[in-house]
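If you count the sequence shown from 1, position 131 lands on 136 in our numbering, and the numbers rise without skipping.
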Amino acid sequence: MYHVIVKMATKMITIYILWSFVACSFFYVAQAFYVPGVAPVEFHRGQPVEVKAVKMTSVKTQLPYEYYSLPFCKPQGGVVYKTENLGEVLRGDRITNTPYEVTMADSKGCEILCHNEKAVTMMIEDSKLMAERIRHAYYVHLLVDNLPCATKFEMLGTREIQYEHGYKLGFVKNNEAFINNHLKIILKYHTEDESKYRVVGFEVEAQSIDFSELTVQAKKCTVKNKEPKPQKINEKGETKVIFSYSVDWQSSHIQWASRWDTYLAMSDVQIHWFSIINSVVVVFFLSGILTMIMVRSLRRDIARYNKDEDIEETLEETGWKLVHGDIFRPPRHPKLLASLIGAGNQIFCMSLIIIFFAMLGMLSPASRGALMTAAIFLFVFLGQEHFILESFLELVLF
């Protein structure tokens with residue numbers, strides 16, 4: 006038995022060492038230490054900056070949808086989906102191109118988004134689907150240089166400036182749905198020598214502008230009134246919508262390495278208080294039941310031990326003290342016990358390694374889907390260690 010234990014321990018240590026080398030091989034050292042995939046991208050003035058769409062999400066339904074599941078304007082060259090890793094696919098990301106035309110450090114006024122037609126005509130089915138998504142509080146998520154868009158808002162009580170991911174697809178007023186069809190894209194750049202620029206901020210201000218409030222000339226558009234009428238979604242018929250956008254570039258002192266600070270400081274304004282309270286109540290309720298069971302079971306034994314009885318009666322073991330005799334009794338289902346212990350150890354080792362690499366900054370939010378991908382692969386690869394531990398437990402328990 007001793008030789009078997011030593012042999013299995015040696016195998017486990019060898020596997021850990023091998024996987025450590027494999028994990029380290031995914032990272033490399035260049036002139037500066039950058040994690041693969043998150044090195045800064047430098048642009049020149051006037052160089053195209055691609056705007057990508059990720060998905061649409063809602064805190065009410067928890068069901069993500071791809072961007073073009075709704076009748077948005079599509080690029081001239083067609084829709085092209087980007088290659089994604091396993092973590093992005095499991096998160097529901099479907100990164101694709103968009104018709105937004107943005108060039109580095111070149112601001113532009115209101116322009117029409119669609120190339121082939123000025124207005125998009127939504128049929129009654131599309132109108133109902135759009136209104137349904139708006140009522141479910143869906144948010145649209147865009148990307149620029151791997152930086153997600155954010156919407157700035159002000160807290161009502163403290164007047165504190167906060168940010169939230171994405172922008173609202175629309176809003177509901179008097180039980181009617183309105184779509185945010187105009188986007189003011191605010192991009193921030195940082196430069197040291199006025200020749201190379203880096204994107205360090207991406208904000209979006211969404212606005213709803215009615216079809217009749219816009220004057221279109223070629224691809225340019227102007228708003229007739231300072232406070233235009235919002236674009237209503239007609240759920241009982243066709244809806245004409247003009248999708249438009251404007252771009253505002255702003256110089257910023259934020260360094261490229263600190264551009265994620267805004268997103269990391271975001272606070273979740275829609276906390277699931279009901280779920281939290283429900284979990285706390287369940288925990289206290291189960292704890293109370295367990296306490297009552299323990300008190301009822303041990304009360305008689307404790308009262309008996311507290312009495313001044315004979316030494317022989319005191320030394321006699323009764324009640325719950327007989328549990329020690331079951332310690333060396335073989336379990337009824339040793340294979341199930343061994344599997345559960347092995348799986349628990351597998352999950353524990355996976356979590357430990359993930360936390361270690363996250364502390365080193367190798368699983369930063371800039372690497373989209375990297376955390377989930379690493380967790381899945383580590384769980385699968387640590388299955389060998391799970392098998393060794395399960396075999397060892399079966400040898401001991403049988």
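We put the beta carbon where it would ideally sit given N, CA and C, even for glycine.
With a cutoff of 7 Å on beta-carbon distance, S249 and P235 are scored as not near each other. Three or more beta-carbon pairs drawn from the segment 101–120 and the segment 47–66 are found closer than 8 Å, and the two stretches are therefore classed as touching. By the Cβ rule, the segment 255–272 counts as touching the segment 203–218, because three or more pairs are nearer than 8 Å. Taking a cut-off of 8 Å on C-beta distances, the segment 122–142 touches the segment 58–69, as three or more cross pairs fall below it. Taking a cut-off of 8 Å for Cβ pairs, the segment 382–389 and the segment 350–368 touch, as three or more such pairs fall below it. Per DSSP, L118 is not a residue of any alpha helix (DSSP H), being assigned neither H nor E. Your pair E218 and P233 checks out as a contact, with CB atoms roughly 4 Å apart and the cut at 8 Å.
Annotation: the segment 165–194 contains the following complete segments of the beta strand (DSSP E) (minimum length 3 residues), in chain order: 166–170, 175–178, 181–184.
For A211, the uninterrupted beta strand (DSSP E) segment begins and ends at 202–212. Taken atom to atom, the span from the alpha-carbon of E130 to that of V177 is near 19 Å. Judged by DSSP in its simplified three-state form, D131 adopts helix.
Using a C-beta cut-off of 8 Å, the segment 160–172 makes no contact with the segment 219–230, since fewer than three inter-stretch Cβ pairs fall below that distance. According to the DSSP assignment, K340 belongs to the alpha helix (DSSP H) that extends over 339–364. For D266, the enclosing alpha helix (DSSP H) starts and ends at 266–269. Y86 is classed as exposed because its beta carbon has fewer than 16 other beta carbons within 10 Å across all chains shown.
As a beta-bridge residue in DSSP terms, Y86 pairs with T101. Here the alpha carbons of I247 and A124 stand approximately 4 Å from one another.
Within the same chain, Y202, R203, S256 come within 8 Å of T196 by CB-CB distance, once the 5 residues on both sides are set aside.
DSSP places L387 outside both helix and strand once states are collapsed to three, so it counts as coil.
The beta carbon of P69 is closer than 7 Å to those of K60, M61, T62, G97 in its chain, skipping five residues each way along the sequence.
Relative to K193, the option among K79, A182, D150 whose CA is nearest is D150. For P104, the number of other beta carbons within 10 angstroms of its own is at least 16, and it is reported as buried. The Cβ atoms of V252 and K113 sit closer than 7 Å to each other. In the DSSP assignment, E93 falls within the unbroken alpha helix (DSSP H) covering 91–96.
The distance from the Cβ of R373 to that of E93 is about 5 Å, consistent with a contact at the 8 Å cut-off.
Taking a 10 Å sphere around the C-beta of L365, we find fewer than 16 other C-beta atoms and assign the residue as exposed.
Distance from the CA of E89 to the CA of L387, rounded to the nearest whole angstrom, comes to 24 Å. Here M377 is near L95, since their CB atoms are less than 7 Å apart. Straight-line spacing of the CA atoms in E165 and P336 works out to 59 Å. In this chain, T163 is not harboured by any beta strand (DSSP E), its DSSP state being neither H nor E.
In terms of Cα proximity to H187, the closest of L303, C78, K133 is C78.
In its chain, beyond the 5 residues on either side, P370, A371 have a beta carbon closer than 7 Å to the beta carbon of W265. By the criterion of a C-beta distance shorter than 8 Å, H146 is surrounded in its chain by A58, V59, K60, M61, T62, P153, C154, H170, G171, once the five residues flanking it on both sides are discounted.
Between T126 and K237, the C-beta spacing is not below 7 Å.
Of the candidates N185, I190, Q81, I190 places its Cα closest to the Cα of W254.
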